[in-house]
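Residue numbers (the numbering used here), protein chains in the order written: chain A, 1 to 239; chain B, 1 to 239.
For every residue, glycine included, the Cβ atom is placed at its ideal position computed from N, Cα and C.
As the structure is a prediction and not an experimental result, all values here were calculated from the model.
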């Protein structure tokens, strides 16, 4: 069933305008009486379209319930910013798999190194990719793409997670050896092309992060977050 | 360490010509005395460069051992052929994660439907993407990209696997509920855009495949094989 996100808490009816209204009326060719889901902060509102104009769609809320699609853990990805369109691929695929928030940061080996102002100009586009992936996969929230941080700021931010992980190709724990299920919030820190320098991993470890080793095969920087998210969702019974 | 694949079983020395020789000499700027790995069918040959000409590189084999990077299960992906460059993305990422063979096939909902002859023209390119991903990730083999099959032929081919799985968004077993470790060869069948029709899943199931449900979130057809490969490698202690 088509799925759209709304910003404010609705009462009995929901009226949408702008691109979502055009999408409902013109692209999807929906009409009065059709069923549609609106979603806000983890709640799904099951609605019936009651009125359509050139520029707006009004729907009656039939019932609401917590979104079934949200995982029971809050997983945040701390991703060293990669080259080209890889960050967009990472957003799209980790949002489908259940990530809650993505925090990009600059590490020593990042090739693409936008400053905060340059990155801020791209944020709207990145946030839109997150929204599209959330709609398509049936998520109950739109995962937040955070402003870009330094490594030190990202490590500080990750202190908000009860379990902190950093992927390191030169060795660490296996994911399966950790008791993930007892944690409600997990942060995973992943390098850009070329991975992390040892001193960077040591900084994260001294702040409480567990180094994770994904085995002998070296994953590309855009494959690693997708694989990690899938495996963590599986190990926490969310997939 | 740089890594190249060879076709025939070597004795004491390995001589390469063509693009690999140019890559070693010009792109990597290697020289006599440098260390290099050649790889053939799961065996790594650790070598020292002994002679370089304009068009060839000769290396002495110092020792050989089974490649550490090969998983202990043989995982074959049966992938309904997707649109655009998604098949290339799937090859690249599942090869990094440890797939052994990829078999594309045409199902009812495939949008891109090349016939066998048209597909055969692209096979060399797909095989090259597999080789590049195998080199980059440190694999011990170059996973085979098979010619394109019909659904029925793919189901027949999958009978060679001891465990046969088909991903179905409308329900099935959870991956974690299966005892994967007792199987040496696993086949996973995954749909294209729009997934499988019920009758297609029933055909696979009547041939012994287990339907697998990956949870409430709907994955894109190019995300699903990457997630499945990562989770299976984790559950079989290969990641």
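Where residue i falls: helix, strand or coil (DSSP)
i	result
residue 168 of chain B	coil
residue 270 of chain B	Nothing in the structure corresponds to residue 270 of chain B, since chain B is present only between 1 and 239.
residue 228 of chain B	helix
residue 144 of chain A	strand
residue 176 of chain B	helix
residue 12 of chain B	coil
residue 111 of chain B	coil
residue 29 of chain A	coil
residue 149 of chain A	strand
residue 158 of chain A	helix
residue 239 of chain B	coil
residue 218 of chain A	coil
residue 60 of chain A	strand
residue 51 of chain A	strand
residue 127 of chain B	helix
residue 87 of chain B	helix
residue 139 of chain A	coil
residue 240 of chain A	Only positions 1 to 239 of chain A appear in this structure, which leaves residue 240 of chain A out of reach.
residue 119 of chain A	helix
Bridge partners - residue i, DSSP secondary structure assignment
i	result
residue 187 of chain A	A:76, A:164
residue 3 of chain B	B:37
residue 103 of chain A	A:78
residue 44 of chain B	B:39, B:65
residue 211 of chain B	B:166
residue 17 of chain A	A:56
Exposed unless 16 or more other CB atoms sit within 10 angstroms - verdict on residue i
i	result
residue 199 of chain B	exposed
residue 217 of chain A	buried
residue 234 of chain B	buried
residue 19 of chain B	exposed
residue 128 of chain B	exposed
residue 240 of chain B	Lying outside 1 to 239, the shown extent of chain B, residue 240 of chain B is not represented and no answer is given.
residue 113 of chain A	exposed
residue 176 of chain B	exposed
residue 209 of chain A	buried
residue 82 of chain A	buried
residue 239 of chain A	buried
residue 158 of chain A	buried
residue 1 of chain B	exposed
residue 84 of chain B	exposed
residue 160 of chain A	exposed
residue 117 of chain B	exposed
residue 120 of chain A	exposed
Nearest candidate by alpha-carbon position, reference residue i, set the options
i	options	result
residue 224 of chain A	B:229, B:221, B:220	B:229
residue 236 of chain A	B:231, B:129, B:75	B:231
residue 222 of chain A	A:7, A:239, A:79	A:79
residue 143 of chain B	B:102, B:64, B:172	B:102
residue 130 of chain A	A:161, A:98, A:117	A:98
residue 187 of chain A	A:104, A:66, A:52	A:104
residue 11 of chain B	B:20, B:21, B:113, B:46	B:46
residue 64 of chain A	A:44, A:152, A:3	A:44
residue 50 of chain B	B:77, B:82, B:14, B:23	B:14
residue 211 of chain A	A:185, A:54, A:227, A:178	A:178
residue 62 of chain B	B:52, B:33, B:84	B:33
residue 135 of chain B	A:220, A:136, A:125	A:220
residue 22 of chain B	B:154, B:55, B:119, B:4	B:55
residue 58 of chain A	A:71, A:30, A:92, A:67	A:30
residue 206 of chain B	B:152, B:91, B:17	B:152
residue 3 of chain A	A:133, A:204, A:95, A:88	A:133
Residue-level contact to chain B via CB, residue i, 7 Å cutoff
i	result
residue 137 of chain A	yes
residue 216 of chain A	yes
residue 39 of chain A	no
residue 154 of chain A	no
residue 121 of chain A	no
residue 47 of chain A	no
residue 231 of chain A	yes
residue 69 of chain A	yes
Min CB distance residue i to chain A below 7 Å
i	result
residue 83 of chain B	no
residue 219 of chain B	yes
residue 96 of chain B	yes
residue 234 of chain B	yes
residue 58 of chain B	no
residue 223 of chain B	yes
residue 111 of chain B	no
residue 167 of chain B	no
residue 80 of chain B	no
residue 239 of chain B	yes
residue 93 of chain B	yes
residue 210 of chain B	no
residue 227 of chain B	yes
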